[in-house]
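Student: In the numbering used here, the protein residues as written are 4 to 480. Cβ atoms here follow ideal geometry from the backbone N, Cα and C, with glycine treated the same way.
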Amino acid sequence: MPSLRASAPDSALRITVLAGALALLLTSSAHGQQHPLGEWEQLARDVFEELVEINTSHSVGGTLQASEAMAARFLAAGFAAEDVVVTEVAPGEGNVVARLRGSGSARGPILLLAHIDVVEADPADWTLPPFEFIEQDGNFYGRGVADDKDEAAIYVANLIRMKAEGFTPDRDIIVALTADEEGGAHNGVVWLLENRRELVQADYVLNEGGGGTLKDGRHISNNVQASEKKYLNFQVQATNPGGHSSVPRPDNAIYELSKALLGVGAYHHPVMLNEVTTAYFTRTADIVGGEMGAMMRRVVANPRDEQAVAFVATDPAYNSRMRTSCVATLLDGGHAPNALPQRATANVNCRILPDEDPTVVLQRLRAAVGDAEVAVEMQGQATESPPSPLTPEVLGPIERITNEMWPGVPVIPTMSTGATDGLYFRNAGIPVYGVSGLFYENPNSHGMNENIPVKSFYEGQEFLYRLVKALSGPEIS
Ligand SMILES: [Zn+2]
Numbered sequence: 004m005p006s007l008r009a010s011a012p013d014s015a016l017r018i019t020v021l022a023g024a025l026a027l028l029l030t031s032s033a034h035g036q037q038h039p040l041g042e043w044e045q046l047a048r049d050v051f052e053e054l055v056e057i058n059t060s061h062s063v064g065g066t067l068q069a070s071e072a073m074a075a076r077f078l079a080a081g082f083a084a085e086d087v088v089v090t091e092v093a094p095g096e097g098n099v100v101a102r103l104r105g106s107g108s109a110r111g112p113i114l115l116l117a118h119i120d121v122v123e124a125d126p127a128d129w130t131l132p133p134f135e136f137i138e139q140d141g142n143f144y145g146r147g148v149a150d151d152k153d154e155a156a157i158y159v160a161n162l163i164r165m166k167a168e169g170f171t172p173d174r175d176i177i178v179a180l181t182a183d184e185e186g187g188a189h190n191g192v193v194w195l196l197e198n199r200r201e202l203v204q205a206d207y208v209l210n211e212g213g214g215g216t217l218k219d220g221r222h223i224s225n226n227v228q229a230s231e232k233k234y235l236n237f238q239v240q241a242t243n244p245g246g247h248s249s250v251p252r253p254d255n256a257i258y259e260l261s262k263a264l265l266g267v268g269a270y271h272h273p274v275m276l277n278e279v280t281t282a283y284f285t286r287t288a289d290i291v292g293g294e295m296g297a298m299m300r301r302v303v304a305n306p307r308d309e310q311a312v313a314f315v316a317t318d319p320a321y322n323s324r325m326r327t328s329c330v331a332t333l334l335d336g337g338h339a340p341n342a343l344p345q346r347a348t349a350n351v352n353c354r355i356l357p358d359e360d361p362t363v364v365l366q367r368l369r370a371a372v373g374d375a376e377v378a379v380e381m382q383g384q385a386t387e388s389p390p391s392p393l394t395p396e397v398l399g400p401i402e403r404i405t406n407e408m409w410p411g412v413p414v415i416p417t418m419s420t421g422a423t424d425g426l427y428f429r430n431a432g433i434p435v436y437g438v439s440g441l442f443y444e445n446p447n448s449h450g451m452n453e454n455i456p457v458k459s460f461y462e463g464q465e466f467l468y469r470l471v472k473a474l475s476g477p478e479i480s
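#1: I'd like the ranges of any alpha helix (DSSP H) spanning at least 4 consecutive residues and lying wholly in the stretch 355-436.
#2: State the Cα-Cα distance for the pair Gln45 and Leu180, rounded to the nearest angstrom.
#3: I'd like the list of long-range same chain contacts for Glu53, defined as Cβ closer than 7 Å, with 5 residues on each side in sequence excluded.
#4: Under a Cβ-count criterion, where at least 16 other Cβ atoms within 10 Å of its own Cβ denotes burial, should Leu25 be classed as buried or exposed?
#5: Closer than 7 Å to a non-hydrogen atom of ligand 1 - does that hold for the CB of Thr181?
#6: Please indicate yes or no: does the CB of Glu211 lie closer than 7 Å to some heavy atom of ligand 1?
#7: Between Asp150, Val239 and Ala84, which lies nearest to Glu376 when the distance is taken from Cα to Cα?
#8: Rounded to whole angstroms, what is the Cα-Cα separation between Ala347 and Phe314?
#9: Keeping to the same chain, check which residues put their C-beta closer than 6 Å to that of Gly266; ignore five residues upstream and five downstream.
#10: Would you identify the three-state DSSP class for Tyr234, choosing helix, strand or coil?
#11: Under 7 Å from any heavy atom of ligand 1, does the C-beta of Asp175 make it?
#12: Give the secondary structure of Ser70 by DSSP, where H, G and I count as helix, E and B as strand, and everything else as coil.
#13: Please work out which residues of its chain come closer than 7 Å, Cβ to Cβ, to Asp402, disregarding the five sequence neighbours upstream and downstream, and give them in chain order.
#14: Below 6 Å CB to CB, which residues in the same chain sit around Ser468 once its five sequence neighbours on both sides are set aside?
#15: Can the beta-carbon of Tyr436 be found less than 8 Å from the beta-carbon of Val397?
#16: Once the 5 residues before and after Gly246 are set aside, which same chain residues still bring their CB inside 6 Å of it?
#17: Quick check on the DSSP output: the beta strand (DSSP E) that includes Glu91 runs from which residue to which?
#18: Between Tyr207 and Ile113, which are expected to be in contact by the criterion C-beta below 8 Å, what is the C-beta distance as a whole number of angstroms?
#19: Report the option in Phe134, Leu115 and Ala124 whose CA atom is closest to the CA atom of Glu154.
#20: Can you confirm whether the stretch 214-225 touches the stretch 128-143 when touching is taken to mean that 3 or more C-beta pairs between the two stretches lie within less than 8 Å?
#21: Given 7 Å as the limit, tell me if Asp335 has its C-beta closer than that to any heavy atom belonging to ligand 1.
#22: Can you have a look at Glu478 and say buried or exposed, based on whether 16 or more other CB atoms are within 10 angstroms of its CB?
#23: Measuring only the C-alpha atoms, how far is Asp219 from Thr59?
#24: Less than 7 Å between the CB of Asp153 and some heavy atom of ligand 1, yes or no?
#25: Looking at the unbroken alpha helix (DSSP H) that takes in Gly296, where does it start and where does it end?
#26: Check whether the stretch 445-461 and the stretch 257-266 are in contact - that is, three or more C-beta pairs closer than 8 Å.
#27: Indicate the three-state DSSP secondary structure (helix, strand or coil) for Ser459 in the structure shown.
#28: I need the DSSP call for Leu102, collapsed to helix, strand or coil.
#29: Would you check if the stretch 347-358 and the stretch 323-335 touch, i.e. whether three or more CB-CB distances between them fall below 8 Å?
#30: Is Gly191 helix, strand or coil when you go by DSSP?
#31: Going by C-alpha to C-alpha distance, which of Thr327, Gly336, Leu365 and Arg369 sits closest to Pro357?
#32: Answer with buried or exposed for Pro39, where buried requires no fewer than 16 other C-beta atoms within 10 angstroms of its C-beta.
#33: CB-CB under 7 Å to Arg17, same chain, minus the five flanking residues each way: which ones, in chain order?
#34: By DSSP's criteria, Ala347 is part of a beta bridge. Which residues make up the other side?
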């Protein structure tokens with residue numbers, strides 16, 4: 004919330020006046036003192052607490068229980084039963100989809116997507132209990148507070164708030180909270196698209212994958228994820244007739260695989276920028292400045308500029324956004340300590356640029372291996388995930404509200420190097436934007452003592468409230 008910033012009293016005051024009653028929603032000052040929560044902040048906090056304290060890691064299940072708990076809240080808030088649908092995708096695993104009906108204009112719905120499963124958390128690995136919701140020293144702690152129960156709680160609270168305020172959007176607003184994004188066997192988004200597509204059919208989706216960057220407490224950028232890399236494994240395999248290890252031969256499957264993998268490791272896929280990564284490097288250049296910023300501008304101007312590419316590539320995160328990357332991740336070879344190996348196999352995991360053809364990657368890997376006797380094969384198919392267009396309809400309100408809440412903070416389009424559930428919607432032809440206004444510094448998602456700043460949570464709630472209203476009806480002011 005802007006008024007929380009100590010450094011800009013004038014604009015904070017102006018926005019406070021514009022926002023009217025929102026000024027009452029302050030929670031903590033720049034000095035960390037606690038203020039009473041507003042009604043809707045309190046609701047978001049209550050929902051957040053309830054979600055975090057339902058253990059939804061895969062060893063436990065729990066997403067059905069969490070879905071039912073959220074459904075009960077929607078029903079208690081006056082949503083019609085047909086607009087609150089819980090679907091069980093496997094025993095104990097479920098989704099909930101809730102719909103705030105619009106006025107029936109020609110525009111299709113927007114979908115607010117969050118997964119409610121979490122990665123495992125062994126209490127022995129944490130110094131805090133992972134499935135207790137703890138507010139301490141200006142942070143919320145608990146498994147899922149950064150990934151992705153923060154967004155789930157905000158979506159639930161904001162949809163209930165809009166209903167209570169009598170807001171009638173000009174399109175339906177759908178909230179979908181889903182199972183098994185974190186690698187479980189029963190992905191809720193896949194299930195919904197296959198079995199109940201009418202529940203989640205939308206013009207576009209807002210999802211995790213974006214969010215803001217904080218550095219030393221300062222807001223650096225508000226990131227909008229509009230693209231993801233594709234995921235595909237390749238098998239590299241050397242074979243040999245083998246024999247007794249007391250009479251070695253010059254040819255050896257383990258040696259040949261080793262040489263092949265060194266070739267893979269030394270190879271760099273060509274740099275190729277798309278609309279999203281061009282915007283990313285252009286705007287990031289302004290933020291990082293200095294030699295790195297200058298080199299990024301050179302790469303944007305000419306992706307064949309080898310000196311600039313080599314400089315930017317020294318940062319692995321930047322490198323992975325410029326090009327397809329492939330890396331050896333698993334190794335298996337031989338069958339006995341006293342036998343020449345008949346087989347040696349490696350898995351090479353590739354993260355492929357969204358507009359690159361996997362068969363081209365295969366050809367490059369074969370060339371990098373450089374040994375026709377070593378087989379390189381694709382393992383299955385990559386799920387296609389076309390970049391989502393950065394239309395003014397979506398980007399305009401994001402930029403305007405970002406500037407209202409955090410003046411001067413740039414909006415940066417990004418391509419994720421990993422994958423989210425956005426993949427499945429993009430593959431189904433529905434654009435996805437990872438945007439939240441949730442600014443985190445080091446949330447330690449998937450790690451020990453996962454945490455987010457309390458202030459960031461309420462700011463993200465306010466950002467998403469304003470953004471969803473802007474995307475679905477008259478502006479608030
Ligand atoms: Zn996530």
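Tutor: To lay it out plainly:
#1: Runs found: 361-372, 395-408 and 425-430.
#2: CA-CA distance, Gln45 to Leu180, rounds to 20 Å.
#3: Excluding positions up to five away in sequence, the list reads Ala72.
#4: Note that Leu25 has pLDDT 42, beneath the 50 cutoff, so the model's placement of it is unreliable and the number below is only indicative. Buried, by the Cβ-count rule.
#5: No, since every heavy atom of ligand 1 falls outside the 7 Å radius drawn around the Cβ of Thr181.
#6: Glu211: yes, Cβ under 7 Å from ligand 1.
#7: Per the C-alpha coordinates, the member of Asp150, Val239 and Ala84 positioned closest to Glu376 is Val239.
#8: Between the alpha carbons of Ala347 and Phe314 lies a gap of roughly 35 Å.
#9: Hits under 6 Å: Ala371, Val372 and Gly373.
#10: Strand, per DSSP.
#11: No, the Cβ of Asp175 stays beyond 7 Å of every heavy atom of ligand 1.
#12: Here Ser70 sits in helix by DSSP.
#13: Correcting the residue type first, residue 402 is Glu in the shown sequence and not Asp. These residues qualify, in order along the chain: Val414.
#14: Note that residue 468 is Tyr in the sequence shown, not Ser. Within the same chain, Tyr468 has close Cβ partners Asn161.
#15: For Tyr436 and Val397, yes; Cβs fall inside 8 Å.
#16: Answer for Gly246: Leu343, listed in chain order.
#17: Counted as a single uninterrupted DSSP element, the beta strand (DSSP E) harbouring Glu91 occupies residues Val87 to Ala93.
#18: Indeed, because the Cβ distance is near 6 Å, the residues count as touching under 8 Å.
#19: Checking every option, the nearest Cα to that of Glu154 belongs to Leu115.
#20: The stretch 128-143 is not in contact with the stretch 214-225.
#21: Asp335 Cβ: outside cutoff for every heavy atom of ligand 1.
#22: Note that Glu478 scores 48 on pLDDT, short of 50, meaning its location in the model is unreliable; the coordinates nonetheless yield the value given after this. Within a 10 Å sphere around the beta-carbon of Glu478 sit fewer than 16 other beta-carbons, which makes this residue exposed.
#23: If you take the alpha carbons of Asp219 and Thr59, they lie about 32 Å apart.
#24: Checking every heavy atom of ligand 1 against the Cβ of Asp153, none is found closer than 7 Å.
#25: Its alpha helix (DSSP H) spans residues Gly293 to Ala304.
#26: Taking 8 Å as the limit for Cβ pairs, the verdict is that the stretch 257-266 does not touch the stretch 445-461.
#27: Here Ser459 sits in helix by DSSP.
#28: One detail in the question is off: residue 102 reads as Arg in this sequence, not Leu. It is a strand residue.
#29: Flag = yes, the stretch 323-335 and the stretch 347-358 touch.
#30: Helix, per DSSP.
#31: Closest by alpha carbon: Thr327.
#32: Its Cβ having fewer than 16 others within 10 Å, Pro39 is exposed.
#33: Confidence at Arg17 is low in this model, with a pLDDT of 41, below 50, so its placement is unreliable and the value that follows should be read with caution. For Arg17, where only same-chain residues beyond five positions count, there are no Cβ hits under 7 Å.
#34: In DSSP, Ala347 forms a bridge with Ala241 and Gly336.
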